[in-house]
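Residue 390 in this note's numbering sits at position 12 of the sequence shown; the count goes up by one each step and never skips. Virtual Cβ for every residue (Gly too), placed ideally from N, Cα, C. Here the structure comes first, spelled out in structure tokens, and everything after it is commentary.
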Amino acid sequence: MLLEVKDLEVTYGRTKAVQGVSFGVERGEVVTVLGANGAGKTSLLRALQGARKPQGGQIIFDGEDMTALSPAARVAKGMALVPEGRQIFVSMTVEENLLMGGYMRRDDGVHGDLAAIYERFPNLGERRHMKATVLSGGEQQMLALGRALISKPRLIMLDEPSLGLSPLFVEKLFDLIRELNSDGISILLVEQNTHMALEVAARGIVLELGREMLSGPAAELAANPSLAEAYLGAA
Ligand code: ATP
379 MLLEVKDLEV TYGRTKAVQG VSFGVERGEV VTVLGANGAG KTSLLRALQG
429 ARKPQGGQII FDGEDMTALS PAARVAKGMA LVPEGRQIFV SMTVEENLLM
479 GGYMRRDDGV HGDLAAIYER FPNLGERRHM KATVLSGGEQ QMLALGRALI
529 SKPRLIMLDE PSLGLSPLFV EKLFDLIREL NSDGISILLV EQNTHMALEV
579 AARGIVLELG REMLSGPAAE LAANPSLAEA YLGAA
């Protein structure tokens, strides 16, 4: 198991955002976390990233306990988050944004990896010296992913990456998730696009008010009548 989350608890004052959630991501696997607004998905990712200290539970990555480590240390170990709303630095250039993702690296391969990112995302390469504000929403999502990739992650955690993207970019994004996964990167995908998330993932977990409501193979979840009713828009 690459990532093991055990009995995680995240609270804000009296609000229990995540209540005893446990799941895992195997090496090379795509796992999706589903749930309505307020179910605790972002709180879960913030705890995994290290931005929010959990009130209980454990986060094990590659056999090592990450629970007390800083966000930067987790990036250095190979856990990268692409946050909700991309969190691009709009006053910086495209390239400066990408380089922010490499700040924990101790090797000198960052510039070679930049070239690989520009090859993968030619629109970013063409605009490398422009401020990130010139990018479209879809290109900003690619930039946020590129920034995560430059940290050489083994696990990428994506928080609602398709939010606000045109259907064409959503297709591209899901193709890219498949591509990164076939390059060997494990993926934890928080999505509101339940259909597409269950198509790309091997397994899923559904949160409701901070607790696990359902979990299992993606195909089983996609066929589950209660999930279909709640999230898949079934009549
Ligand atoms: P969304 O899809 O709307 O982002 P979510 O599933 O990611 O929803 P969270 O954002 O994790 O859910 O929210 C879970 C619960 O925690 C909600 O009740 C929310 O109001 C509460 N919450 C989230 N962030 C904070 C915060 N910074 N302070 C107080 N309460 C918060």
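Please state the DSSP three-state secondary structure of residue 461.
Residue 461 sits at position 83 when you count from the first residue of the sequence shown. Collapsing the DSSP output to three states places residue 461 in coil.
Quick one, are the C-beta atoms of residue 567 and residue 408 less than 8 Å apart?
Reading the sequence shown from its first residue, position 189 is the one you call residue 567. Reading the sequence shown from its first residue, position 30 is the one you call residue 408. Their beta carbons are under 8 Å apart, which means residue 567 touches residue 408 by this criterion.
Return the residue from the list 508, 441, 537 that minimises the CA-CA distance to residue 469.
Sequence index remark: in the sequence shown, residue 469 carries index 91 (1-based). Nearest option by C-alpha distance: 508.
Hey, quick one: how far does the alpha helix (DSSP H) through residue 572 stretch, first residue to last?
Against the sequence shown, residue 572 aligns to sequence position 194. From DSSP, the alpha helix (DSSP H) with residue 572 extends over 572-578.
Return the first residue and the last residue of the beta strand (DSSP E) that residue 394 is part of.
Residue 394 sits at position 16 when you count from the first residue of the sequence shown. First-last of the beta strand (DSSP E) with residue 394: 393-403.
When 589, 535, 576, 606 are compared against residue 388, the one with the closest alpha-carbon:
As a first step, residue 388 must be located in the sequence shown, where it is residue number 10. 589 is the residue among 589, 535, 576, 606 whose C-alpha sits nearest the C-alpha of residue 388.
Using CA atoms only, rank isn't needed, just tell me which of 554, 530, 605 is closest to residue 539.
Against the sequence shown, residue 539 aligns to sequence position 161. Out of 554, 530, 605, 554 has the C-alpha closest to the C-alpha of residue 539.
Minimum C-alpha distance to residue 411 - residue among 580, 604, 601:
Taking the sequence shown and counting its residues from 1, one reaches residue 411 at position 33. Of the candidates 580, 604, 601, 580 places its Cα closest to the Cα of residue 411.
Straight-line gap, residue 534 to residue 573 (C-alpha atoms, nearest Å)
Residue numbering aside, residue 534 sits at position 156 when the sequence shown is read from its first letter. Residue numbering aside, residue 573 sits at position 195 when the sequence shown is read from its first letter. Taking the CA atoms as reference points, residue 534 sits about 20 Å from residue 573.
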